[in-house]
Amino acid sequence: MNLLTHNLASLGWDAYFDDSYRRYDHNLHVAGRVARVDRGVSTVLTTDGTLRASLAGHMLHVIAADPTTTPCVGDWVVVRRWPGPRHTMEAVLPRRTAIVRHGAGKAAKGQSIVANADTVAIVEALDPDPDLGRMERLSALAHESGARPVLILTKADRVNRPQLLAEDFALNVSGMNVHAVSAHTGAGIDELRAYAPVGRTLALIGASGSGKSTLVNALVGATAMRTRRLRADGKGRHTTTHRALVSVPEGGLVVDTPGLRLVGLFDGRVGEASVRADGLAHAFDDLEELAARCRFNDCRHETEPDCAVRAGIADGTVTARRFENWRKLHREQRLTRKRVDGRAAHTFKRSGGGTKGGRGPRGR
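Numbering (my numbering), first residue to last: 17 to 380.
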């Protein structure tokens, strides 16, 4: 066991988590924060030191029922002490925020990426060409988490007039601060440190090659994460292979994440780890406001009369590209909801609910 103990308050522990932890026997258990997860074994920072904890048997059943409850970086957890070096994770304390994406494949399952971040930063490189559609998609994911979303535009030293570009991109990420930074020159790095004071956590999400790991190193002032150059075609390389909680000197914490190949939105109304159900509405609040002005509540924004959305596209209030991305993400969310509902119905049927001899649901 690492004898270096950790001050929980500096890691973000407060009354919110303490209230949930009070019911546990403090002689048998210790609370801690997950810094890394490797194939089901978590590195947990506690007052006992840095521990390696495997999952308790009962947690496997909880995770099987709802994969979003799988412990992830940033979680506050309850670890049981056993004789010798063995430790088991007995519970995940209720999350204040959670970044949850749709898992790979067609299964209706969510995947928790980072928990209890105070700020979620979408990291997009200004060079090569930034992707507006990806920014909007990640913006919805960040809003859905319940944390404060911001946009960080990296590699500002490689383009002309980066601040003007930042102002332009701000129009496509509603309600978010936008920062143009350069880890090479140090421009804007001090502004980002303000998002990670003592006891606060800044999580970085974005595509490979966007400069997340380089940004972590700049914030930490040392090589905390390995970096690699872009490929010859300008596409990013997957350097970071795991999520990691890293301490910022004289500050709080920053979480680096692997580049996201798949960024499917997971319906915020399902899964205990999902905190908000209106992430998409917040990310596209301009279009949601226009849609509320349409004559018909079920307007499809195609040929219906008095469609405020189509009028907004015609007068330049919103772009056709942004409108199409909004519709695409709504379709994805509806499909996810349909799959989740189908999976829940299948599970209920297999459990004997609603069948002859089964207990069935209680009536309202």
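From the three backbone atoms N, C-alpha and C, an ideal C-beta is built for every residue, glycine too.
Counting C-beta pairs with one atom in each stretch, the region 182-201 and the region 213-225 have fewer than three that are closer than 8 Å, which means they do not touch.
Using a 10 angstroms sphere on the CB of F312, the tally of other CB atoms stays under 16, which defines it as exposed. By the criterion of a C-beta distance shorter than 8 Å, V236 is surrounded in its chain by V262, S263, V264, P265, V270, once the five residues flanking it on both sides are discounted.
Counting along the chain, the unbroken alpha helix (DSSP H) around S161 starts and ends at 148-161. Within the same chain, Cβ atoms closer than 6 Å to the Cβ of G328 are found at L306, V334, the five residues on either side in sequence being excluded. Under the three-state reduction of DSSP, V334 is assigned to coil, being neither helix nor strand. The region 143-154 and the region 100-120 do not touch, with fewer than three beta-carbon pairs separated by less than 8 Å.
Contact between the region 25-43 and the region 74-88 is not established, with fewer than three Cβ pairs separated by less than 8 Å. Out of H118, R177, G65, the CA that lies nearest to the CA of E348 is found in H118. Remark: C-beta atoms of A172 and A203 approach each other more closely than 8 Å. If you compare the alpha carbons of V214, L71, V46 with that of D54, the shortest gap goes to L71.
Spatial neighbours of F300 in its own chain (CB-CB distance under 6 Å, excluding positions within 5 residues in sequence) are listed in chain order as W342. N193: member of the beta strand (DSSP E) spanning 193-196, first to last residue. Beta-bridge annotation (DSSP): R52 is paired with T59. Of the candidates R337, T319, R164, A234, the residue whose Cα lies closest to the Cα of L303 is R337. Looking at the DSSP output, T86 sits in no beta bridge, so it has no partner there. Taking C-beta atoms under 8 Å as the contact rule, A324 and R309 qualify, at a distance of about 4 Å.
Listed in chain order, the non-local C-beta contacts of T135 below 8 Å within the same chain comprise A163, R164, P165, V166, Y211, A212, R216, T217, L218, A219, local neighbours out to five positions each way being set aside. Distance from the CA of M105 to the CA of R326, rounded to the nearest whole angstrom, comes to 53 Å. For G56, the CB contacts under 8 Å within the same chain, skipping 5 residues up- and downstream, are S70, L71 in chain order.
Distances from the CA of M75 to each of V94, V89, G65 were compared; the closest alpha carbon is that of V94.
Residue nearest to G65 within the set P101, D41, G90 is P101 (criterion: CA-CA distance).
Annotated three-state conformation of V78 is helix, per DSSP. It is roughly 24 Å from the alpha-carbon of L181 to the alpha-carbon of G295.
Distance from T85 to V108 at the Cβ level is roughly 6 Å; contact confirmed, criterion being Cβ atoms closer than 8 Å. Going by DSSP, A31 is part of the alpha helix (DSSP H) stretching over 31-37.
Counting of Cβ neighbours within 10 angstroms places E160 among the buried residues, the total reaching 16 or more. Residues I138, E140, L167, F185, N188, V189 of the same chain have their beta carbon placed closer than 8 Å to that of M151, with the five preceding and five following residues left out of the count.
Residue burial annotation: G73 is exposed, with fewer than 16 other C-beta atoms found within 10 angstroms of its C-beta.
Apart from the 5 residues on each side of it in sequence, L148 sits with its Cβ closer than 6 Å to the Cβ of N188 in its chain, given in chain order. Beta-bridge pairing by DSSP links R68 to T59.
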